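Chemist: Can you read through this structure? Questions will come right after.
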Amino acid sequence: MYQGTYVKKRRKSRTRMNRATVLLMAILMLIGVAAGSTVAYLIDRTEQVANTFEYAKVSCEVTEKFDRKEKKDVKITNTGTTDAYIRAAVVVNWLDSEGNIVPSVPTEYSYNLTITTLKEDPNSNWVEKGKYYYYTLPVAVGGSTEGSLLTCEVKYPEGVKTPEYTLSVEILATAVQSVPEDAVKTAWGTDFSINPDGSLKVPTSN
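The working numbering numbers the first residue of the sequence shown as 697 and each following residue consecutively.
Rendered as structure tokens:
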């Protein structure tokens, strides 16, 4: 009689434990599902952010006024995406009617070329070094060098309506980003530097 009662009580106890275990597992599963749903929601709703970085572009363009006899208002515009220092080389040649370079100055043909540098004009920002002319101020994006780098006037033989020869004055300009200073040194030489006021320091020796 006692044994039967004990077995019944133990079965009831096991039944209660099983129910509690099942209930606990069900609660844990619900929590897991809820957490999983929250994570999934966050992943689904979070959009990817794409960061695109563009490299600075350095470029320049020569602008001028030319009417067959005179070249003036020669400026160089910064067409890049960062402030830049600019230098230019001037190449002058006489060309025949086919565009070939003439080795010597044709008879009765002449020209007067004036390049305005700091040496001739204290208000000029151009400095000559070697075969180049350096603009000492950084040129902003979309900005241009101030004043005219040069003026050139051509004289043809009198009475000639269609000259046999023409004068070619090419301005070959290059630009380099104004910062850091190492960019200038790498492009133009280690003897170049930048002054505290931001202007380009061109070495005096050739």
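Quick reminder that beta carbons are idealized off the backbone N, C-alpha and C, glycines included. The structure displayed is predicted, hence computed values, not measured ones.
#1: Beta strand (DSSP E) containing E854: first to last residue?
#2: Applying the 10 Å Cβ sphere with the 16-neighbour rule, what's the burial state of D779?
#3: For A879, I'd like the list of residues in its chain whose CB is within less than 7 Å of its CB, leaving aside the five on either flank, ordered along the chain.
#4: Alpha carbon to alpha carbon, how far is Y861 from L845? Give it in angstroms, no decimals.
#5: Identify, in the order they occur along the chain, each residue of the same chain with its Cβ nearer than 6 Å to the Cβ of P899, setting aside the five sequence neighbours on each side.
#6: With distances taken Cα to Cα, identify the nearest neighbour of A869 among Y805, T777, S840, P802.
#7: Among G843, E842, S800, A784, which one has its Cα closest to the Cα of G826?
#8: Measure from the alpha carbon of S800 to the alpha carbon of each residue in T882, V788, E794, then state which is nearest.
#9: Considering only residues of the same chain and omitting the five flanking positions on each side of L656, which have a CB-CB separation below 6 Å?
#10: Starting from E877, trace the alpha helix (DSSP H) in both directions and tell me its first and last residue.
#11: Out of Y830, P853, A836, which has the shortest C-alpha to C-alpha gap to G885?
#12: What's the C-alpha gap between E685 and V856?
#13: Roughly how many whole angstroms lie between the Cα atoms of G776 and V823?
#14: Give a yes or no on whether the C-beta atoms belonging to S864 and L814 are separated by under 8 Å.
#15: Please list the terminal residues of the continuous beta strand (DSSP E) segment that includes L791.
#16: Could you round the C-beta distance between I782 and I772 to whole angstroms and report it? I think they count as a contact, below 8 Å.
#17: Helix, strand or coil for K815, going by three-state DSSP, please let me know.
#18: Can you name the residues that DSSP bridges to F888?
Modeler: Result, derived from the coordinates:
#1: Unbroken run through E854: none, as it is neither H nor E.
#2: buried
#3: V872, Q873
#4: 24 Å
#5: D887
#6: S840
#7: A784
#8: V788
#9: Since the first residue of the chain shown is 697 and the last is 902, residue 656 is not available in this structure.
#10: 877 to 884
#11: Y830
#12: Since the first and last residues shown for the chain are 697 and 902, residue 685 lies out of range.
#13: 22 Å
#14: no
#15: 780 to 791
#16: 5 Å
#17: coil
#18: According to DSSP, F888 bridges with nothing at all.
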